[in-house]
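*Asks:*
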C-alpha cells in the first residue's frame, strides 16, 4: 500500500515550526504526494490521511502543547498509520551539525503513537518573532534563523520514499 495523502500539522504559529511544516509539505507535494499543512489546533480527525507528520517547538525541554494535544485527540487513529515527528529546537547551529536525540516528552509521544521517527531542526527567533523572551534574545544577540532548508527537504524526501516503498 502506498500513502498518498499526508497531513503535516504544526504546533506553533510563530518561530520555526510553521516554516518547517510548510517546507515539508512543499517537498512532499513535489514528490507527488497530496500534502496538507495545517496548525495542530485545527486537526480534529486524522482518518482522512494515509500518514501524519506532526511538529512542535521545544521550549526548555518541553514539546509544544498544541502538538501534544493534537496527538492525544487522535491517538487511536495515529497508531494505525505512519507517523513522523519533528521538533524545531535549538536557536543555534547544533541541529544542523548533528542529530539531536528527542527530549523525553517527545520520546513518550513516539512510543505512545508508534511513530516511525523523530528529527530536530534548528529554531528561529528573529526581530519579527513576537513575545518578550524573543525580543530579549534578539537584543542580547542570541537570536537568528537556524533552520536548514536542505536538511528539511532531505528528511521530507526520505518520508516520501518510505511511504512509496511496498510494505
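In full-length UniProt numbering, the protein residues as written are 1 to 167. All C-beta atoms, glycine included, are put in the ideal place defined by N, C-alpha and C. Computed from a prediction, not measured in an experiment: that's the story for all the values here.
From residue 181 to residue 77, what does the alpha carbon distance come to, in whole angstroms?
*Replies:* With the chain covering only 1 through 167, there is no way to say anything about residue 181.
*Asks:* Taking 7 Å as the limit between beta carbons, can you name the residues of its chain near residue 71, skipping five residues before and five after?
*Replies:* Excluding sequence neighbours, residue 71 sits near 54, 78, 109, 113.
*Asks:* Decide if residue 102 is buried, meaning its Cβ has at least 16 other Cβ atoms within 10 Å, or exposed.
*Replies:* Under this definition residue 102 is a buried residue.
*Asks:* Under 8 Å, do residue 73 and residue 49 count as touching if we go by C-beta distance?
*Replies:* Not closer than 8 Å, so no.
*Asks:* By the DSSP assignment, the beta strand (DSSP E) with residue 81 in it spans what residues?
*Replies:* Counting along the chain, residue 81 falls outside any beta strand (DSSP E), and DSSP gives it neither H nor E.
*Asks:* As a quick exercise: from 146, 42, 24, pick the residue whose alpha carbon is nearest that of residue 34.
*Replies:* Of the candidates 146, 42, 24, the one whose C-alpha sits nearest the C-alpha of residue 34 is 24.
*Asks:* Count the other CB atoms, across all protein chains shown, that sit within 10 Å of the CB of residue 154; report buried if there are 16 or more and exposed otherwise.
*Replies:* It counts as exposed.
*Asks:* Taking only runs of the beta strand (DSSP E) that begin and end inside the UniProt domain "Flavodoxin-like" (6-160), which ones reach a length of at least 3 residues, in chain order?
*Replies:* Whole beta strand (DSSP E) segments, 3+ residues: 34-39, 51-59, 83-88, 117-121.
*Asks:* Taking its Cβ as the centre, do 16 or more other Cβ atoms sit within 10 Å of residue 147, making it buried, or is it exposed?
*Replies:* Counting Cβ neighbours within 10 Å, residue 147 comes out buried, since at least 16 surround it.
*Asks:* Suppose you measure from the CA of residue 137 to the CA of residue 143; what does that come to, to the nearest Å?
*Replies:* Rounded to the nearest angstrom, the two C-alpha atoms are 6 Å apart.
*Asks:* Just the C-alpha distance for residue 96 and residue 16, rounded to the nearest angstrom, thanks.
*Replies:* Spanning the two alpha carbons is a distance of roughly 14 Å.
*Asks:* Please classify residue 164: does DSSP put it in a helix, a strand, or coil?
*Replies:* In this structure, residue 164 counts as helix in the three-state DSSP scheme.
*Asks:* Using the Cα positions of residue 63 and residue 124, report the straight-line distance between them to the nearest angstrom.
*Replies:* Their Cα atoms are separated by approximately 15 Å.
*Asks:* DSSP on residue 1, reduced to helix/strand/coil?
*Replies:* Unreliable placement is indicated for residue 1, whose pLDDT of 42 sits below 50; no coordinate value is reported for it.
*Asks:* Please go through the same chain and pick out, in chain order, the residues whose beta-carbon is closer than 8 Å to the beta-carbon of residue 90, but skip the five residues on each side of it.
*Replies:* The residues are 58, 100, 120, 122, 123, 146.
*Asks:* Is the Cβ-Cβ distance between residue 9 and residue 51 less than 8 Å?
*Replies:* Their beta carbons are not under 8 Å apart, which means residue 9 does not touch residue 51 by this criterion.
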